[in-house]
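When you line the sequence shown up against this note's numbering, it's residues 11 to 426, in that order.
Backbone N, C-alpha and C fix where the C-beta goes; we use that ideal spot for every residue, glycine too.
These notes are about the structure you will find just below.
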Amino acid sequence: MARKLFRNKSVKGAVRLFTCCSLIFLPMVSRGQKVNITVSNSTSEQRSEVVEIDARKVYQRLQSAYGSPLIVRNAFGQQVVSQLTSDSLLLVDAAVFPKRKTMFTVTKGVPRNFKSAVDGQLYAWRVDDFTWENDRCAYRAYGPALQRTGEKAFGIDVWLKSVPYLVVADRYANVYAANQEEKRLRSLGKQQEADSISLNNSLHRDHGNGLDCYKVGPTLGCGAPALMIGDSIVMPYCFKEYHVRDNGPLRFSAEFIYLPVNVNGETDLIEHRLITLDKGSSFNRITVWYENLRHRQKFCAGFVVHDAGKETVRLGNDYVQYADPTDNPDGHNLQIYVGVLFPNVKSRPRMLQNTRLCKGVSGHAVCETTINPHEKLTYYFGAGWSGSGIRDQKAWQHEIEYFCSTLKEPLKINLK
11 MARKLFRNKS
21 VKGAVRLFTC
31 CSLIFLPMVS
41 RGQKVNITVS
51 NSTSEQRSEV
61 VEIDARKVYQ
71 RLQSAYGSPL
81 IVRNAFGQQV
91 VSQLTSDSLL
101 LVDAAVFPKR
111 KTMFTVTKGV
121 PRNFKSAVDG
131 QLYAWRVDDF
141 TWENDRCAYR
151 AYGPALQRTG
161 EKAFGIDVWL
171 KSVPYLVVAD
181 RYANVYAANQ
191 EEKRLRSLGK
201 QQEADSISLN
211 NSLHRDHGNG
221 LDCYKVGPTL
231 GCGAPALMIG
241 DSIVMPYCFK
251 EYHVRDNGPL
261 RFSAEFIYLP
271 VNVNGETDLI
281 EHRLITLDKG
291 SSFNRITVWY
301 ENLRHRQKFC
311 AGFVVHDAGK
321 ETVRLGNDYV
331 QYADPTDNPD
341 GHNLQIYVGV
351 LFPNVKSRPR
361 MLQNTRLCKG
371 VSGHAVCETT
381 INPHEKLTYY
391 FGAGWSGSGI
401 RDQKAWQHEI
411 EYFCSTLKEP
421 LKINLK
């Protein structure tokens, strides 16, 4: 009996010892196993947007090497799409109830593959087009090969989309294949068949996912920045080089660098544009700065205003917006809603009249301000149409107001 009692005491002692060790050890393990992220919405509006988390803090708390793969899960334990950016941010696509919180958990591990909602790349065969897109719209910047042709195309182009998936690469591929077939048919004298191929694959017709019907020419297009001489815009030409920093699945960003220009006695001014576009956003963020700038200069950003739609220009306190009539109002029967927003920069929204740019152009609607040496100035530009859920210009105005409100009251992030 004594022997049996001794054994029971030994077992109980061993259990107590194991439990004590476990209590000491488990917190040490859990600290390195996961990080809990809380996203709080203090507004009375439903929020759904890409949120930014300090990635270095996440890796530090996970006791993991920076840049190693991470898995992000929602409250149901499902993996959700995330992205580590070039500027050390962990991005997560978060939906949050009004006045509520959403929880995510981050752990070490290789995540599953998610389809990207953004993409941007150079299409060298198309005279160095650089085109980028998200699930709502696509945009194009003109490159050095186009400048060498002498064509005057300065600003940022808009390509409309009516589907949430990526379409730009397919559009270019279809046009390239159609161009080859068109040339072959014309070489055989089959002009009617060649015309049909050209029409049925044109980027300027909607084949089921949107189209390119925005007219840029020698203007700012939609959202391009520029220095000014008095009330005249110094039109920027095509980019000299580009550097893609991030390319999905939630954020695209790239830096565009332009050729030196002389403005107001300043020489060799080199413009840099860092453009960022997130999943779900109607607006690009653009940060502009100038190398070799020694004095404050007048600066503006805006969009071209065509005669057919000039009555729709709206000048707000810190934005300009407009319903563009497309390059063929009678054929397309739709409007392209464009906007340039300066929510964090004191500016003067105004119309700049200039009918000498090209036929059918009234001028530009811009937000005018100044830029200082070494300053990096940030503003926003974007576009939408009925195919992307913007029913009319009133809806576009609401889109602008809602976006600006999210900048003023960002979602709050807490790590545990």
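May I have the straight-line CA-CA distance separating residue i from residue j, to the nearest angstrom?
{"i": "V137", "j": "A179", "result": "15 Å"}
{"i": "A151", "j": "D139", "result": "6 Å"}
{"i": "P383", "j": "G326", "result": "28 Å"}
{"i": "Q89", "j": "T112", "result": "14 Å"}
{"i": "F262", "j": "A127", "result": "9 Å"}
{"i": "R122", "j": "D340", "result": "47 Å"}
{"i": "T141", "j": "S396", "result": "21 Å"}
{"i": "P335", "j": "T379", "result": "28 Å"}
{"i": "L362", "j": "V371", "result": "11 Å"}
{"i": "V376", "j": "H253", "result": "27 Å"}
{"i": "D337", "j": "L237", "result": "27 Å"}
{"i": "D64", "j": "K308", "result": "35 Å"}
{"i": "P420", "j": "A148", "result": "25 Å"}
{"i": "L287", "j": "L260", "result": "9 Å"}
{"i": "A105", "j": "K426", "result": "20 Å"}
{"i": "H408", "j": "I400", "result": "10 Å"}
{"i": "E191", "j": "Q157", "result": "27 Å"}
{"i": "G220", "j": "P174", "result": "11 Å"}
{"i": "H316", "j": "R71", "result": "54 Å"}
{"i": "F164", "j": "Q93", "result": "32 Å"}
{"i": "P359", "j": "G77", "result": "43 Å"}
{"i": "P246", "j": "K404", "result": "31 Å"}
{"i": "S415", "j": "T388", "result": "17 Å"}
{"i": "V168", "j": "D222", "result": "7 Å"}
With burial defined as no fewer than 16 other Cβ atoms inside 10 Å of the residue's Cβ, what is the status of residue i: buried or exposed?
{"i": "L101", "result": "buried"}
{"i": "T159", "result": "exposed"}
{"i": "Q43", "result": "exposed"}
{"i": "K225", "result": "buried"}
{"i": "E143", "result": "buried"}
{"i": "K289", "result": "buried"}
{"i": "N51", "result": "buried"}
{"i": "L417", "result": "exposed"}
{"i": "V120", "result": "exposed"}
{"i": "R146", "result": "buried"}
{"i": "N46", "result": "exposed"}
{"i": "R304", "result": "exposed"}
Since residue i sits in a beta bridge, which residues does DSSP pair it with?
{"i": "K44", "result": "T117"}
{"i": "W299", "result": "H282"}
{"i": "S50", "result": "K111 and K422"}
{"i": "N294", "result": "F391"}
{"i": "C245", "result": "The identity of residue 245 in the sequence shown is Met, whereas the question assumes Cys. DSSP lists no partner for M245."}
{"i": "N257", "result": "F262"}
{"i": "Y268", "result": "F249"}
{"i": "P235", "result": "A311"}
{"i": "E385", "result": "Partner(s): none; E385 has no beta bridge."}
{"i": "T141", "result": "Q131 and R150"}
Mapping DSSP to helix, strand and coil, what is residue i?
{"i": "I400", "result": "coil"}
{"i": "A318", "result": "helix"}
{"i": "L195", "result": "helix"}
{"i": "Y149", "result": "strand"}
{"i": "D334", "result": "strand"}
{"i": "R6", "result": "Nothing about residue 6 can be reported from this structure: the residues present for the chain run from 11 to 426 only."}
{"i": "D180", "result": "helix"}
{"i": "W169", "result": "strand"}
{"i": "W135", "result": "coil"}
{"i": "K67", "result": "helix"}
{"i": "R306", "result": "coil"}
{"i": "L351", "result": "strand"}
{"i": "T416", "result": "helix"}
{"i": "Q201", "result": "helix"}
{"i": "I410", "result": "helix"}
{"i": "H342", "result": "helix"}
{"i": "T229", "result": "coil"}
{"i": "A188", "result": "helix"}
{"i": "A405", "result": "helix"}
{"i": "P79", "result": "coil"}
{"i": "F35", "result": "Since pLDDT at F35 reaches only 36, below the 50 mark, its modelled position is unreliable, and the value read off the structure follows with that caveat. Looking at F35 - three-state DSSP - the assignment turns out to be helix."}
Report the CB separation of residue i from residue j in whole angstroms; it is logged as a contact under 8 Å.
{"i": "F107", "j": "S292", "result": "Rounded, the Cβ-Cβ distance is 22 Å, inconsistent with contact."}
{"i": "F124", "j": "V91", "result": "4 Å"}
{"i": "F391", "j": "N257", "result": "F391 to N257, Cβ: 20 Å. No contact."}
{"i": "Y332", "j": "V355", "result": "Contact doesn't hold; Cβ gap of about 20 Å is too wide."}
{"i": "D103", "j": "L176", "result": "Not a contact, Cβ separation roughly 16 Å."}
{"i": "F313", "j": "C232", "result": "5 Å"}
{"i": "T229", "j": "L351", "result": "The Cβ separation is near 19 Å, so there is no contact."}
{"i": "C310", "j": "I243", "result": "7 Å"}
{"i": "S98", "j": "R66", "result": "5 Å"}
{"i": "A183", "j": "N211", "result": "Actually they do not touch by this definition, with Cβ atoms about 10 Å apart."}
{"i": "R283", "j": "I296", "result": "6 Å"}
{"i": "I285", "j": "V61", "result": "At roughly 20 Å, the Cβ-Cβ gap does not stay under 8 Å, so I285 and V61 are not in contact."}
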